[in-house]
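Residues in the sequence shown are numbered from 796 upward in steps of one, following this note's numbering.
Glycine included, every Cβ here is placed at the ideal spot set by N, Cα and C.
All of these numbers come straight from a predicted model, not from anything done at the bench.
Here the structure comes first, spelled out in structure tokens, and everything after it is commentary.
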Amino acid sequence: MNYQEDVARGKDWTFYLGDSVKRVDEIESNSVGLSVFSPPFPGMYVYTNSEHDMGNVQSVEDMVEHFRYLMGKDKLLRIMMPGRHAMIHLTQGVAQKGRDGYIGLKDFRGSVIRMMEGEGWIYYGEIAIQKNPQVKAIRTKDRGLMFKTLANDSSHMHVALADYVLQFRKPGENLYPIRAGISTKYDNPDGWITNEEWIEWAHPIWTDINETNVLNVTQARDTNDERHLCPLQLDVIERCIKLWSNPGEVVFSPFGGIGSEGYMALKLKRKAILVELKESYWKSGIANLERASQESSQKTLFDLMIGEEL
């Protein structure tokens, strides 16, 4: 794949085509209210054959070392507002018999945590996301989840892997409080999260995420795709944006894909900046951002009409 750079802009959004390690230099320091994204998972999905593609590696160690170049003080840490968060969605790495000589797990999650702390971030929290083991067994043919293995030799069984959203905070005082909670008691009627919602979201495991609630990826695939594109669920993105950003602030994704994080940011009255390496994904993402802008504008006009009638 030939490396290309381009940029598309619309109302409240900017979508860069190119290498996020390079394009992040074009973003103003201390300007991003929240970063939420799902990086490539090492050894699981290969999106391009480009040397710029972080996912084009064979080991967790190589992936984390490439990832480090994006997360440091001159890159993502620089553009984040003090006291704000980077939310990183990932799953553990898998060791394969043919490639690694054994079947098991590799600690991608722990490697990312150690790398982020080394780059100056504060490891602030994490959320586990429940996955359906039957769906995983059917999709991945993982023998450790199969009834046949359970009957023949259950020493090879293992539970389904959860997804994780790791929370990292930039050091410093948050100068712009996020008054998200709707509260009469604490004089905040203009919040957007109810106490009942927080009671559910405060659990360490999110059990109600709809795995199929993702943007359509069919139009983003091309004949050169080595593996499939797996967008982050919109439910996860929505909760992160509501909890850790204010309306009008910038939400950033350095792995923009087909625009999922930007799509939800615009729907929730935030701004969006994204970067994507692959042109077919970038073009599909532009269409999704334009659709989100249009839907948000239509909703605003409808609300105005209702207000006039009242």
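Proximal residues to Lys-901 (C-beta, below 6 angstroms), its chain only, five neighbours per side dropped: Val-855, Gly-888, Ala-890
Range covered by the beta strand (DSSP E) that runs through Pro-877: 875-886
Quick check: the Cα distance between Asp-857 and Pro-837, rounded to an integer number of angstroms? 8 angstroms
Going by the beta-carbon positions, is the gap between Ile-917 and Phe-963 smaller than 9 angstroms? yes
For Val-802, write down the residues that DSSP places opposite it in a beta bridge. Tyr-811
Taking one C-beta from the region 972-984 and one from the region 942-962 each time, how about it: are there three or more such pairs within less than 8 angstroms? no
Taking DSSP as the reference, what is the three-state secondary structure of Trp-916? coil
Bridge-paired residues (DSSP) for Trp-1001: Ile-924
Val-831 vs Met-910 beta-carbon contact at 9 angstroms: no
What residues match up with Ser-830 in a beta bridge as DSSP calls it? Ala-881, Phe-1047
By a C-beta neighbour count over all protein chains shown, 10 Å radius and 16 as the cutoff for buried, is Arg-1034 buried or exposed? buried
Quick check on Lys-868: does DSSP put it in helix, strand or coil? coil
Residues sharing a beta bridge with Gly-899, DSSP: Ala-890
Start-to-end residues for the beta strand (DSSP E) that takes in Lys-1066: 1066-1071
Work out the CA separation of Tyr-1058 and Asp-937 for me, nearest whole Å. 33 angstroms
Provide the residue span of the beta strand (DSSP E) that contains Gln-960, from first to last. The sequence given here places Val at residue 960; Gln does not occur at that position. Taken as a continuous stretch (DSSP letters only), the beta strand (DSSP E) holding Val-960 covers 958-964.
How should Met-952 be labelled, buried or exposed, when 16 other C-beta atoms within 10 angstroms of its C-beta is the threshold for buried? exposed
What whole-angstrom Cβ distance do Met-876 and Asn-825 have, given they're in contact under 8 angstroms? 5 angstroms
Any chance the region 1087-1094 sits against the region 801-820, with 3 or more Cβ pairs inside 8 angstroms? yes
Indicate the three-state DSSP secondary structure (helix, strand or coil) for Asn-969 in the structure shown. coil
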